[in-house]
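Remarks on the structure that follows.
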Amino acid sequence: MGYTPELKELIKRVEATRPARLEMARRGEHYPPLSLEEREEVLRKYHPDYQKEGRRIVRVGPNKGELFQNEVADLLESRSMVRPEKVDLSEADYDTDVLIIGGGGAGTAAALMATDHGAQVIMATKLRHGDANTMMAEGGIQAATQECDSPFYHYLDTMGGGHFTNRPDLVAALAHDAPLSIAWLEELGVMFNKLPDGRLDVRHFGGSCRKRMHSAGDMTGAEIMRVLRDEARNRGDRIRVLEFSPAVELLLDEEGKCAGAVLFNMETRECYIVRSKAVILATGGFGRLHIKGFATTNHYGATMDGVVLAYRAGVGNEYLYSTQYHPTGVAYPEQNVGLLITEKVRGLGAHVLNIDGEQFCFPLEPRDVETAELIREALERGKGIVTPTGRVGLWLDSPMIDLLHGEGTVRKELPAKFIQFQRHGIDISKEPMLVFPTLHYQNGGIKINEHAETSLPGLYAAGEVVGGIHGENRLMGNSLQDIITFGRRAGARAAQYAKSGVRIKRLTLDHVVKFEKELEEAGVENPIVAPILLPDYSTEDVRGRRWMDGVLEAE
Amino acid sequence: MAEGRPMQAQQTQEMKVATGDRPILPEGARTVPIYIMGKRYEVPETLTIMKAMEYVGYKFVRGAGCRGGICGACSTVYRKAGDYKLHFGLACQTVVEPNMYLTQIPFYPANRAVYDIEEIEPTADSVYELYPELFRCVACNNCTKACPMGVEVLDYISALKQGDIARAAQLSFDCIQCGLCASRCMGELPQYHIAQLARRLYGKYIQPRAEHLKKRVEEILSGKYDAMLEEVQRMNREELEKLYEEREREPDLTPPGAWMPKDIRYL
Chain A
-15 MGYTPELKEL
-5 IKRVEATRPA
5 RLEMARRGEH
15 YPPLSLEERE
25 EVLRKYHPDY
35 QKEGRRIVRV
45 GPNKGELFQN
55 EVADLLESRS
65 MVRPEKVDLS
75 EADYDTDVLI
85 IGGGGAGTAA
95 ALMATDHGAQ
105 VIMATKLRHG
115 DANTMMAEGG
125 IQAATQECDS
135 PFYHYLDTMG
145 GGHFTNRPDL
155 VAALAHDAPL
165 SIAWLEELGV
175 MFNKLPDGRL
185 DVRHFGGSCR
195 KRMHSAGDMT
205 GAEIMRVLRD
215 EARNRGDRIR
225 VLEFSPAVEL
235 LLDEEGKCAG
245 AVLFNMETRE
255 CYIVRSKAVI
265 LATGGFGRLH
275 IKGFATTNHY
285 GATMDGVVLA
295 YRAGVGNEYL
305 YSTQYHPTGV
315 AYPEQNVGLL
325 ITEKVRGLGA
335 HVLNIDGEQF
345 CFPLEPRDVE
355 TAELIREALE
365 RGKGIVTPTG
375 RVGLWLDSPM
385 IDLLHGEGTV
395 RKELPAKFIQ
405 FQRHGIDISK
415 EPMLVFPTLH
425 YQNGGIKINE
435 HAETSLPGLY
445 AAGEVVGGIH
455 GENRLMGNSL
465 QDIITFGRRA
475 GARAAQYAKS
485 GVRIKRLTLD
495 HVVKFEKELE
505 EAGVENPIVA
515 PILLPDYSTE
525 DVRGRRWMDG
535 VLEAE
Chain B
250 MAEGRPMQAQ
260 QTQEMKVATG
270 DRPILPEGAR
280 TVPIYIMGKR
290 YEVPETLTIM
300 KAMEYVGYKF
310 VRGAGCRGGI
320 CGACSTVYRK
330 AGDYKLHFGL
340 ACQTVVEPNM
350 YLTQIPFYPA
360 NRAVYDIEEI
370 EPTADSVYEL
380 YPELFRCVAC
390 NNCTKACPMG
400 VEVLDYISAL
410 KQGDIARAAQ
420 LSFDCIQCGL
430 CASRCMGELP
440 QYHIAQLARR
450 LYGKYIQPRA
460 EHLKKRVEEI
470 LSGKYDAMLE
480 EVQRMNREEL
490 EKLYEERERE
500 PDLTPPGAWM
510 PKDIRYL
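Chains as they are written, first to last, in our numbering: chain A, -15 to 539; chain B, 250 to 516.
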């Protein structure tokens, strides 16, 4: 494996310019950063969040009149998979206190708390229980657990990181509950990194004033997820998990309360009716929409389902226009595409270069600016490197690190990255990496209050599917904390509500009929069918040969 | 979006680039033959097994998860032409090789014992009681050979047989619960479930507890921070920015718990 001969030939251009660039770096000189005006311009023209192109006004629903990325707008203006007139709502296939839609960290935390409060739970999940972005979170989880820290500073750091656009009530809830969440996880048996006396080991992160990042090896999310899932499995008498059964529509009752969902068995293509006193949406984010064609760090099922379901039931969203991109995702080798390469690589002195081995940007601009500059160089100026699988990337000259800081620095400072590339025949201490911006996180989502309640009685939401906690920019380690804090709050609240004597009346899909009528009246032509559930990665060639599909779609 | 929108290259340029997770074959790209469950397909070299299967038209329902090598959804067994040896890997992490014969094992049935984490004694006997099959292990080491994460499966099973829960917890930490170990086990052990039990016992009962965390929880529950958090929510942007600018930064090199800031009003 390793680089192909063609790519190796191109690497020679990087090596040719390296001595002069190293000299420059040793003199403490660097490629000039952009002025504030230039920053604004490159963001405006090339950052997916700022570009006018690729966005449009949504014409229907609770966020009517607001601007969204096309891919998001298409889903907000989508029609249902379910034909309401064909659905028999007179009898439910399942009856429960709390229905949780989504089997990741937020959903599972909610399930455990709901059972603690005496509720019977059904958890419906699109893939397997635990298939979620939670599993992939490597970095850690924030909480003010140390004496020099407090929820006050957690609040302050989070607001500053979000450029003070965050919802204060949600941030206060996060900061308040964060240590409680860590204690809860410790109680469940999560193996946090600790000092020998039991003190939690903590680290700094971008934007922190106190060391607040807790971790479990370099797989914190996976450790949390597998412990929560194990506990849910121990409570199989109270938590029934329905895998490969995503919700495709919410159900209301005739009084307008949320009262269940239509589930779709992806293996048999049957639908089921779940009647539930309370419903929690915990379906995660939208990375797999590949907004503007970006690769993503997200898991296979991250397709914005919950936002779509809530939208048709009249529940709007906040900050959904805001997406977190990371400037340096892997572009080669294929098996690592989209995965993160930490900012630390550039922090240690690696230059970002085009196909000619030339620098074109200051390597440590703010993330959004850096992202825009890479996009401009590769796509507008045509100076990107095309890989054997047709991707475009730019060089990240990691061999500079050892040359600047001494042999062995890459191995010492970037052990996981070193191994990850070595596995595929690339020694990043000797050969540069190919990178391109990658879609990382859905900053916005369903509007909730600090109790994880939505505007629809009986409907709750938690995790990446909600918006407001991170404002327009999320700090590292706050996503794992947010799924636990708001997952716990949602589970407890939903169970209390379900046990408070709420009575479900006749079930209805009238909200779907009404929404689709609104689509028609707004002149939305050929709305797509959503939730899309899974991305389609078949090639144009294969799709072109699926002649039967055309026939079926025409009916 | 069942038709899969063809993601266009960005507005201003004509070069066709692959986007999302869908590869595009550039001109002159080499392909290799692979056999998916015995059936031959030509796929571009350098693709992973997962992307190669999608390239030829498979759409996964089972057998795909995080696509980053950590969730254990895409266990794959393969053999190479003319070679008796079985190889194991994750479809999202393993690159195709010419003439590989492969199949996925997206699920494997394995016995999982139910227990109450609050009631259980953190002893080896508890583990033996829940998983008596532990002693059916014949130390053949097939589990370790099958592990796509390089976990020393047999070593942690042996540690448990010797009653060392802490060692088993640490040795099994990188487990992604894909089930390949269990699929190859002569003794029919569910190694990954046993390891999960060991890790939870270790995390809850054996690893020392964080005393400072217990104290912080008490402070929060007593309402110590409620007024502070209310006050800070009422601040206008200017006041917040001022406080933000004035934050004291904990030094990088002091160990956790060793440093205190000058301003302790909000601690």
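From the three backbone atoms N, C-alpha and C, an ideal C-beta is built for every residue, glycine too.
Residue 237(A): member of the beta strand (DSSP E) spanning 231 to 237, first to last residue.
Shown here for residue 342(B): same chain residues with a beta carbon closer than 6 Å to its own, the five before and five after excluded, namely 318 in chain order. Separation of the CB atoms of residue 124(A) and residue 390(A) is rounded to 28 Å, and the pair is thereby denied contact status at 8 Å. For residue 285(A), no alpha helix (DSSP H) run applies, since DSSP gives it neither H nor E. Collapsing the DSSP output to three states places residue 53(A) in a strand. Taking C-alpha positions only, residue 249(A) is separated from residue 482(B) by approximately 45 Å. Less than 9 Å separates the beta-carbon of residue 290(A) from that of residue 430(A).
Residue 433(B) and residue 115(A) have their C-alpha atoms spaced approximately 24 Å apart. For residue 509(B), the chain A residues whose C-beta falls within less than 9 Å of its own C-beta are 131, 132, listed in chain order. Taken in chain order, the whole beta strand (DSSP E) runs of length 3 or more contained in the stretch 195 to 254 of chain A are 223 to 226, 231 to 237, 242 to 248.
Here residue 392(B) is buried: its Cβ has 16 or more other Cβ atoms, across all protein chains shown, within 10 Å.
The beta carbons of residue 423(A) and residue 271(A) sit about 5 Å from each other, so the pair counts as a contact at 8 Å.
The beta carbon of residue 220(A) sits closer than 9 Å to some beta carbon of chain B. Residue 380(B) has a beta carbon lying at 9 Å or more from every beta carbon in chain A.
Residue pairing by DSSP places residue 63(A) opposite 513(A) in a beta bridge.
Boundaries of the beta strand (DSSP E) harbouring residue 83(A): 78 to 85, taken from the DSSP string. Put simply, the CB of residue 428(B) is far from chain A, with every gap to its CB atoms at 9 Å or more. Apart from the 5 residues on each side of it in sequence, residue 448(A) sits with its Cβ closer than 6 Å to the Cβ of 268, 269, 426 in its chain, given in chain order. Looking at the DSSP output, residue 313(A) shares a beta bridge with 324(A), 420(A). For the pair residue 284(A) and residue 389(B), the CB atoms are not nearer than the 9 Å cut-off. Excluding five sequence positions before and after residue 14(A), the CB atoms of its chain that fall closer than 7 Å to its own CB belong to 346, given in chain order.
Burial check for residue 358(B): the Cβ neighbour count within 10 Å stays below 16, so the residue is exposed. Taking C-alpha positions only, residue 106(A) is separated from residue 339(A) by approximately 53 Å. Secondary structure in the stretch 438 to 471 of chain B: the alpha helix (DSSP H) runs of 4 residues or longer, each lying completely within the stretch, are 440 to 450, 460 to 470 in chain order. With 16 or more other CB atoms across the displayed protein chains lying within 10 angstroms of its CB, residue 469(B) is buried. Close partners of residue 148(A) in chain B (Cβ separation under 9 Å): 486, 489, 490, 493. Comparing alpha carbon positions, the residue from 292(A), 68(A), 219(A), 64(A) closest to residue 98(A) is 219(A). For residue 409(A), the secondary structure class from DSSP, reduced to helix, strand or coil, is coil. Scanning the stretch 455 to 525 of chain A for uninterrupted alpha helix (DSSP H) segments of 4 residues or longer gives 462 to 482, 494 to 505, listed from N- to C-terminal end. Assignment of beta-bridge partners to residue 302(A) by DSSP yields 429(A). Below the 8 Å Cβ cutoff, chain A contributes 372 as neighbours of residue 294(B), in chain order. Straight-line measurement puts the Cα of residue 155(A) at about 10 Å from the Cα of residue 146(A).
Along the stretch 166 to 180 of chain A, going in chain order, the ones with a CB nearer than 8 Å to a CB of chain B are 166, 167, 170, 171, 172, 173, 174, 175, 176, 178, 179, 180. Only those residues of the stretch 337 to 350 of chain B whose C-beta falls short of 8 Å from the nearest C-beta of chain A are listed: 341, 342, 343, 344.
Rounded to whole angstroms, the gap between the alpha carbons of residue 188(A) and residue 197(A) is 6 Å. In chain A, no part has a C-beta under 7 Å from the C-beta of residue 399(B); the shortest such distance is about 10 Å.
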